[in-house]
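>
In the numbering used here, the protein residues as written are 250 to 522.
#1: With burial defined as no fewer than 16 other Cβ atoms inside 10 Å of the residue's Cβ, what is the status of residue 518: buried or exposed?
#2: Three-state secondary structure (DSSP) at residue 506?
#3: Check whether the region 471 to 478 touches the region 400 to 408, counting contact only when three or more Cβ pairs, one atom from each stretch, lie closer than 8 Å.
#4: So which of 360, 465, 357, 256 has the shortest CA-CA distance to residue 269?
#5: Restricting to runs no shorter than 4 residues, where is the alpha helix (DSSP H) found entirely within the region 316 to 357?
#6: Check this for me: beta carbons of residue 382 and residue 436, under 9 Å apart or not?
#7: Which residue wins for smallest C-alpha separation from residue 509, given the options 300, 369, 322?
#8: Ends of the alpha helix (DSSP H) at residue 283?
#9: Would residue 412 and residue 367 be called neighbours here (beta carbons separated by less than 9 Å)?
#10: With a floor of 4 residues, list each alpha helix (DSSP H) that falls wholly inside the region 431 to 480, ordered by position along the chain.
#11: Do you know whose CA, among 419, 418, 439, lies nearest residue 428's CA?
#12: Go ahead and pull the three-state DSSP assignment for residue 410.
#13: If I measure Cβ to Cβ from residue 354 and keep anything under 6 Å in the same chain, skipping five residues before and after, which residues do I get?
#14: Rounded to the nearest angstrom, how far is the Cβ of residue 335 from that of residue 352, given a contact under 8 Å?
#15: Using 8 Å for Cβ pairs, my map puts residue 492 next to residue 458. What's the rounded Cβ distance?
#16: Starting from residue 389 and walking both ways along the beta strand (DSSP E), at which residues does that stretch end?
#17: Since residue 478 contacts residue 500 with CB under 8 Å, what's their CB separation in whole angstroms?
#18: Which whole-angstrom value describes the C-beta separation of residue 460 and residue 318, a residue pair presumed to lie in contact below a C-beta threshold of 8 Å?
#19: DSSP three-state call for residue 384: helix, strand or coil?
#20: With a threshold of 16 other CB atoms inside 10 Å of the CB of residue 502, please say whether the residue is buried or exposed.
#21: Quick test of your reading: residue 392 and residue 400, contact by CB under 8 Å. State the CB separation rounded to the nearest angstrom.
#22: Opposite residue 428 in the DSSP bridges: which residues?
#23: Express the C-alpha separation of residue 398 and residue 384 in angstroms, rounding to a whole number.
#24: Leaving aside the five residues before and after residue 359 along the sequence, list all residues of the same chain whose C-beta is less than 7 Å from its C-beta, in chain order.
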């Protein structure tokens with residue numbers, strides 16, 4: 250598909266319903282304002298997406314992945330987007346494994362059956378690494394709002410607070426999510442998850458920082474699996490069932506977290522910018 254000087258080709262991809270608009274800026278520079286990102290991400294006025302991704306050249310990796318939330322803010326990690334970009338680079342290079350540089354660090358992706366498996370890097374567990382506004386135990390953080398209390402806090406390249414509840418469908422995440430995201434305890438804001446465990450499967454819903462409720466959150470699933478293991482509710486290998494489908498998560502002995510799931514191309518097109 251050809252593009253003139255005023256248009257840019259994009260790909261629309263999704264992982265379990267968590268969807269992305271992806272631009273390739275390796276040969277043609279692209280800079281987008283927060284307003285431009287919000288317009289493209291709008292489901293009424295633009296293409297519509299949870300996150301916008303810009304692929305850039307990297308000296309120490311196969312690709313650099315810039316991640317922008319639907320509100321225009323830049324973030325360090327997005328697991329579902331990493332699988333999608335990983336699939337693109339595996340297809341393009343023909344390699345068995347590719348490296349992806351992000352603001353949060355260097356990640357790797359490989360094929361796993363019909364899906365893509367990504368090492369999301371280390372789970373960071375110290376209060377200062379989340380970060381939290383004050384020192385506390387991150388296994389049972391000192392925080393309560395309505396029916397939600399004592400979250401397990403994990404940083405997976407971005408901050409997460411995971412609340413275990415009797416029934417995730419009984420919690421009004423749309424009300425509590427934005428309040429917790431912007432609470433002063435979380436100086437960089439926070440992704441909010443509610444989870445319960447049934448028949449050995451972690452059922453989880455996520456309010457994403459800067460995006461709202463999404464059908465799936467890869468880094469959130471990693472955080473949920475790590476949180477369950479820290480509480481002794483699960484082992485180091487879990488299935489996390491999100492609204493959009495399942496992810497297989499393993500907290501490896503080296504402290505990093507491996508995530509496996511689908512990465513699907515929905516369509517491609519051109520945008521006037």
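We put the CB at the ideal spot given by N, CA and C, even for glycine.
Here the structure is a predicted model, which means the values were calculated and not measured.
From the atom records:
#1: Here residue 518 is exposed, its C-beta having fewer than 16 other C-beta atoms within 10 Å.
#2: In this structure, residue 506 counts as strand in the three-state DSSP scheme.
#3: With a cut-off of 8 Å, the region 400 to 408 and the region 471 to 478 count as touching, because enough Cβ pairs lie within range.
#4: Checked all of 360, 465, 357, 256; the closest Cα to residue 269 is 465.
#5: Listed in chain order, they are 328 to 342.
#6: Contact annotation: residue 382 and residue 436 have beta-carbon atoms nearer than 9 Å.
#7: Closest option to residue 509, judged by alpha-carbon separation, among 300, 369, 322: 369.
#8: First-last of the alpha helix (DSSP H) with residue 283: 283 to 290.
#9: Going by C-beta atoms, residue 412 is not nearer than 9 Å to residue 367.
#10: Runs of the alpha helix (DSSP H) lying entirely within the region 431 to 480 and spanning at least 4 residues, in chain order: 467 to 479.
#11: Of 419, 418, 439, the residue nearest in Cα terms is 439.
#12: Under the three-state reduction of DSSP output, residue 410 falls in the strand class.
#13: Result list for residue 354: 370, in chain order.
#14: The Cβ separation is near 17 Å, so there is no contact.
#15: Not confirmed; about 17 Å, so no contact.
#16: First-last for residue 389: undefined, no H or E at that position.
#17: Contact flag correct, Cβ pair sits at about 6 Å.
#18: A Cβ-Cβ separation of about 5 Å places residue 460 in contact with residue 318 under the 8 Å criterion.
#19: Per DSSP, reduced to three states, the secondary structure at residue 384 is coil, with no helix or strand assignment.
#20: Residue 502 comes out exposed.
#21: Contact check for residue 392 and residue 400: beta-carbon distance about 6 Å, within the 8 Å limit, so the pair qualifies.
#22: For residue 428, which the question treats as bridged, DSSP gives no partner whatsoever.
#23: CA-to-CA, the gap between residue 384 and residue 398 works out to about 17 Å.
#24: Leaving aside the five residues that flank residue 359 on each side, the residues in its chain whose CB is nearer than 7 Å to its CB run, in chain order, 345, 346, 366.
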